[in-house]
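Protein chains: 2
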Amino acid sequence: MTRDDCIALDAGDPLRQHRAVFTLPQGVIYLDGNSLGALPRATSAHVRDVIEHQWGEGLIRSWNSAAWIDLARRVGAKVARLIGALPDEVICADSTSVNLFKVLATALRLQSSRPQVSVLERRFIVTEKTNFPTDLYVAEGLIDLLGHKHELKRVDFDEIHAAIDDRTAVVMLTHVNFRTGAMHDMHAITRLAHDAGALAVWDLSHSAGAVPVALNDADADFAIGCGYKYLNGGPGAPAFVFAATRHLRALTGDAYAQPLAGWLGHRAPFDFDLRYQPASSIDRFAVGTPSIVALSALEVGVDTVLTAGPDALRSKSIALTDLFVQLVEQRCGDQGLHLASPRNSAHRGSQICFTHVDAYAVMQALIQRGVIGDFRAPDLLRFGFAPLYVSYVNIWDAVDTLHQVLAHAEWRPAASQVRARVT
Amino acid sequence: MTRDDCIALDAGDPLRQHRAVFTLPQGVIYLDGNSLGALPRATSAHVRDVIEHQWGEGLIRSWNSAAWIDLARRVGAKVARLIGALPDEVICADSTSVNLFKVLATALRLQSSRPQVSVLERRFIVTEKTNFPTDLYVAEGLIDLLGHKHELKRVDFDEIHAAIDDRTAVVMLTHVNFRTGAMHDMHAITRLAHDAGALAVWDLSHSAGAVPVALNDADADFAIGCGYKYLNGGPGAPAFVFAATRHLRALTGDAYAQPLAGWLGHRAPFDFDLRYQPASSIDRFAVGTPSIVALSALEVGVDTVLTAGPDALRSKSIALTDLFVQLVEQRCGDQGLHLASPRNSAHRGSQICFTHVDAYAVMQALIQRGVIGDFRAPDLLRFGFAPLYVSYVNIWDAVDTLHQVLAHAEWRPAASQVRARVT
Chain A
14 MTRDDCIALD
24 AGDPLRQHRA
34 VFTLPQGVIY
44 LDGNSLGALP
54 RATSAHVRDV
64 IEHQWGEGLI
74 RSWNSAAWID
84 LARRVGAKVA
94 RLIGALPDEV
104 ICADSTSVNL
114 FKVLATALRL
124 QSSRPQVSVL
134 ERRFIVTEKT
144 NFPTDLYVAE
154 GLIDLLGHKH
164 ELKRVDFDEI
174 HAAIDDRTAV
184 VMLTHVNFRT
194 GAMHDMHAIT
204 RLAHDAGALA
214 VWDLSHSAGA
224 VPVALNDADA
234 DFAIGCGYKY
244 LNGGPGAPAF
254 VFAATRHLRA
264 LTGDAYAQPL
274 AGWLGHRAPF
284 DFDLRYQPAS
294 SIDRFAVGTP
304 SIVALSALEV
314 GVDTVLTAGP
324 DALRSKSIAL
334 TDLFVQLVEQ
344 RCGDQGLHLA
354 SPRNSAHRGS
364 QICFTHVDAY
374 AVMQALIQRG
384 VIGDFRAPDL
394 LRFGFAPLYV
404 SYVNIWDAVD
414 TLHQVLAHAE
424 WRPAASQVRA
434 RVT
Chain B
14 MTRDDCIALD
24 AGDPLRQHRA
34 VFTLPQGVIY
44 LDGNSLGALP
54 RATSAHVRDV
64 IEHQWGEGLI
74 RSWNSAAWID
84 LARRVGAKVA
94 RLIGALPDEV
104 ICADSTSVNL
114 FKVLATALRL
124 QSSRPQVSVL
134 ERRFIVTEKT
144 NFPTDLYVAE
154 GLIDLLGHKH
164 ELKRVDFDEI
174 HAAIDDRTAV
184 VMLTHVNFRT
194 GAMHDMHAIT
204 RLAHDAGALA
214 VWDLSHSAGA
224 VPVALNDADA
234 DFAIGCGYKY
244 LNGGPGAPAF
254 VFAATRHLRA
264 LTGDAYAQPL
274 AGWLGHRAPF
284 DFDLRYQPAS
294 SIDRFAVGTP
304 SIVALSALEV
314 GVDTVLTAGP
324 DALRSKSIAL
334 TDLFVQLVEQ
344 RCGDQGLHLA
354 SPRNSAHRGS
364 QICFTHVDAY
374 AVMQALIQRG
384 VIGDFRAPDL
394 LRFGFAPLYV
404 SYVNIWDAVD
414 TLHQVLAHAE
424 WRPAASQVRA
434 RVT
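Residue numbers (this note's numbering), protein chains in the order written: chain A, 14 to 436; chain B, 14 to 436.
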């Protein structure tokens, strides 16, 4: 494999036209789209139109005339196509953390309303020990608020199956691990959860837009996910939330099953009803008024993914990550790097991690040279591969830079400063 | 009083230069800034810079290089100056509804941790019957989640004082009523609450940026408010949340006192700690990642208010609302309009409501003629007066239009269609 081979791969890449959809700075190889997606070229003009025309000229009238009132559902319906859900099962709202609180509370409520179930017996929320911290915090916060009738059971990746039993209320997992990229088998785990009488809640933050997700095919119960990673919605973009139609139906009579009851979750917000009557649709997972500017930027980002199609994205993602692993091991194999992601592409998302004893300093040196990935404590170099805008030659050049940094120990001068900052 | 008198008032208005800070469409008199503030001229260019340079070129690096990580606190500190709080007591985050959930849960936790208090005895959250619906819904949702140990006591405006007693856990009020503009005496009610052993939570959605608010002078416990009304932050702008320093200190050891525990509430988010250790500051009222684009627009909006100063805003607000009441009663007094707002400007915010039997149709006719206020069921015409950009001659012209609409019964042809839509 040579750099020319990579150029040839790019020439034959069916997604090669999509790179031009994004603005990417000169001199940068961006391998951090799993943290913050790149800027679509169309975003700025669209946001400008929303601000100057819809807000500035339309003012309050734009809630109707520019259909602001439908925007969270319209973007949600687009996200639904990326995650194997029905258009009516997804809404964009709030942050991933807040959405997780909603669906977890709702899932526990569904469990507690099953007559045959004792809350004390079915007390466990099963999760992965290295789940994204906010997911763990949100679950603990809810458990605390509910008076410690439940318990968060934190187990290793390969202990999930064994941990699910008839004491499990909810299995709460991030589909693709935020550090290693290890991917759970959503179908198998959801089936196992259901067989045990539990519900499955999936965090798709590192999946949506990067790997095919089939929520309804897997019979998933609830899901949430992030708008600012592979969906390219911009820093802090609104998140999304999914609830299966069967649960939306079952919850109709229970006003506060989703406990963050806000006016946009009401079946008729503009009635200003003094009594909360939730929408029977996914609208009940809305709470307060969403940022129209932020949702508008998110819509452009989601569109960039929709036009590519999930299979093409997945094929290229696998090719890019396989190539990266291969080249790093070939060219930097004796430099103290160890693969921390699954070697089998079927078992990982669109990112690759290597451990290195001086990972922080190495990443700083890479960023100095324009190769942007990120560091995750204590010793991980994390690289994300957004297939829409990362090219094969990017991979070659990134590995070449990594090789130079490691071979010449370029990171060492900075290391002491860096450690001083971290501690 | 003549139109020329109004032109003279505008010429002598110390805030007259501030109108040019906003983009206002031709042919529109905008009396709905209490629902959605007007667009500041500087917003679009600033947002464009944030999108094209900070996001597009800086990418993930902008969390540090463009200080995105501090933005929610920086804008919060600016809001603090408008509401009589310390810079460290306010953060911008989430929506008003979600923030209310946080502070209400925290206030109940503070109450339950007082050793002398029985939750069952001190079970009431006292509020106003006609509070903004989302506030009522959020409280009921939380009460339901906590197992109905508390109860929402809904009373009339003038019954608040009498309703506060030693069974009151929290007094939860919107400072300025969303319909009538009636304003509570924050100092007196907070004192009464404290004397009874209760805590006071204030919703400042219709106050911040329109009337002077002195949270710390009133010894308020918690507050929340909206970014898209008088703060001109744009549709669905992030909200803000205030917690008094004494409570932030008292809560230090109680990890989930604020139950929406997200990674940005952690004392060191980028440590990716598996255990939640909340920040000891107002940061713990942050949850997930905020929209940087939305916060950036909000900052420009808050700046427009800060440059004016609260006293000048209040003086003009009173002058505008007094003039509006006077002119409407002089010119439309026999047309079935009845003042539904307090006549005494000391007891109201920056809005005026009149009842009319065909209020919906009248408002539609006004909007058709470029005078934008809004309708609130069943019979209210609501007009907001943002003193930064509403002029005295706007008042004259709006009343003139109202007079014409009513005198010629212009609204009647539309009324039947309108009723069909509403029912």
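By construction, the Cβ of each residue, glycine as well, lies at the ideal position given by its N, Cα and C atoms.
Whole-Å CB distance - residue i paired with residue j, under 8 angstroms assumed
i, j, result
"P272 (chain B)", "A120 (chain B)", "P272 (chain B) to A120 (chain B), Cβ: 12 angstroms. No contact."
"L244 (chain A)", "A227 (chain A)", "L244 (chain A) to A227 (chain A), Cβ: 17 angstroms. No contact."
"A223 (chain B)", "L155 (chain B)", "Not a contact, Cβ separation roughly 28 angstroms."
"L319 (chain A)", "R94 (chain A)", "6 angstroms"
"T181 (chain A)", "F137 (chain A)", "5 angstroms"
"D179 (chain A)", "G210 (chain A)", "6 angstroms"
Sequence-distant residues of the same chain with beta carbon closer than 8 angstroms to residue i, five excluded per side
i, result
"T109 (chain A)", "T147, D216, S218, I237, G238, C239 and A252"
"R29 (chain A)", "D23 and S404"
From the options, residue whose alpha carbon lies closest to that of residue i
i, options, result
"A445 (chain A)", "A:L277, A:P400 and A:D387", "Lying outside 14 to 436, the shown extent of chain A, residue 445 (chain A) is not represented and no answer is given."
"Q39 (chain B)", "B:R382, B:S363, B:G246 and B:S75", "B:R382"
"N144 (chain A)", "A:D178, A:I96, A:G322 and A:M196", "A:M196"
"A268 (chain B)", "B:F298, B:G249, B:Q124 and B:I64", "B:F298"
"K329 (chain B)", "B:A399, B:D171, B:L287 and B:I365", "B:A399"
"G275 (chain B)", "A:K115, A:D232, A:S57 and A:A411", "A:K115"
"E441 (chain A)", "A:V306, A:A201, A:E141 and A:M14", "Nothing about residue 441 (chain A) can be read from this structure; chain A reaches only from 14 to 436."
"T187 (chain A)", "A:R389, A:L401, A:R361 and A:Q417", "A:R361"
"M14 (chain A)", "A:I82, A:I380 and A:D410", "A:D410"
"A90 (chain B)", "B:D62, B:L311 and B:V34", "B:L311"
"S363 (chain A)", "A:A307, A:H421, A:K242 and A:G246", "A:K242"
"D286 (chain A)", "B:R389, B:E102 and B:V103", "B:R389"
"H260 (chain A)", "A:R135, A:D101 and A:A209", "A:D101"
"A201 (chain B)", "B:A233, B:L49 and B:E134", "B:A233"
"G50 (chain A)", "A:A98, A:N357, A:T317 and A:L419", "A:T317"
Close-in-space but distant-in-sequence residues of the same chain around residue i (CB under 7 angstroms, 5 per side omitted)
i, result
"D45 (chain A)", "I385, G386, D387 and G397"
"H59 (chain A)", "S309 and V313"
"S78 (chain B)", "G71"
"A428 (chain A)", "Because the pLDDT of A428 (chain A) is 48, which lies under 50, any placement of that residue in the model is unreliable, and the number read from its coordinates should be weighed accordingly. These residues qualify, in order along the chain: D371 and A374."
"D392 (chain B)", "T368, H369, V370 and A372"
"L205 (chain B)", "H174 and I177"
"H351 (chain B)", "F367 and T368"
"I20 (chain B)", "V406"
Residues that residue i contacts on chain A, provided the C-beta gap is smaller than 7 angstroms
i, result
"V151 (chain B)", "A274 and G275"
"D284 (chain B)", "A390"
"L52 (chain B)", "I64, W68 and G69"
Neighbouring residues, chain B, relative to residue i (Cβ below 7 angstroms)
i, result
"F440 (chain A)", "Nothing about residue 440 (chain A) can be read from this structure; chain A reaches only from 14 to 436."
"E65 (chain A)", "S57"
"E70 (chain A)", "P38"
"A310 (chain A)", "V306"
"S48 (chain A)", "I73"
Interface partners of residue i on chain A, CB under 8 angstroms
i, result
"W215 (chain B)", "Here the premise fails: no neighbours, minimum Cβ distance about 17 angstroms."
"A372 (chain B)", "Under the 8 angstroms cutoff, chain A gives no residues; its nearest Cβ is about 13 angstroms from A372 (chain B)."
"D108 (chain B)", "Before going on, a small fix: residue 108 (chain B) reads as Ser here, not Asp. Here the neighbours are D107, G275, V300, G301, T302 and P303."
"D45 (chain B)", "L72 and I73"
is_contact[residue i, chain D] using C-beta, thresh 8 angstroms
i, result
"G222 (chain B)", "This model lacks chain D altogether; the protein chains it does include are A and B."
Beta-carbon neighbours of residue i, restricted to chain B and to distances below 9 angstroms
i, result
"P400 (chain A)", "The contacting residues do not exist; P400 (chain A) stays about 17 angstroms from chain B at best."
"P225 (chain A)", "Within chain B, no residue comes near P225 (chain A); the closest Cβ sits about 25 angstroms away, beyond 9 angstroms."
Nonlocal neighbours in the same chain, by C-beta distance under 6 angstroms from residue i, ignoring five residues either side
i, result
"V435 (chain A)", "Any answer about V435 (chain A) is weak, because its pLDDT of 40 lies below 50 and its placement is not dependable; what the coordinates show is given next. If we look at V435 (chain A) and ignore the five residues flanking it on each side, it has no Cβ neighbours."
"E423 (chain B)", "A378"
"P323 (chain A)", "P225"
"R280 (chain B)", "Q290 and A292"
"N112 (chain B)", "I237, A252 and V254"
Closer than 8 angstroms at the beta carbon, the chain B residues around residue i
i, result
"L155 (chain A)", "P272"
"W409 (chain A)", "Correct list: empty, because the minimum Cβ distance to chain B is about 21 angstroms."
"I385 (chain A)", "L72, I73 and R74"
"A118 (chain A)", "L158"
In chain order, each alpha helix (DSSP H) run of at least 4 residues that lies wholly inside the segment 323 to 376 of chain B: 323 to 345
List, from N- to C-terminal side, the beta strand (DSSP E) runs of 3 residues or more that fit wholly inside the segment 131 to 180 of chain A. 137 to 141 and 164 to 168
At which residue ranges does the segment 227 to 306 of chain B contain complete beta strand (DSSP E) runs of 3 or more residues, listed in the order of the chain? 235 to 238 and 252 to 256
Entirely enclosed alpha helix (DSSP H) segments - the segment 36 to 116 of chain A, minimum 4 residues: 54 to 62, 75 to 78 and 81 to 95
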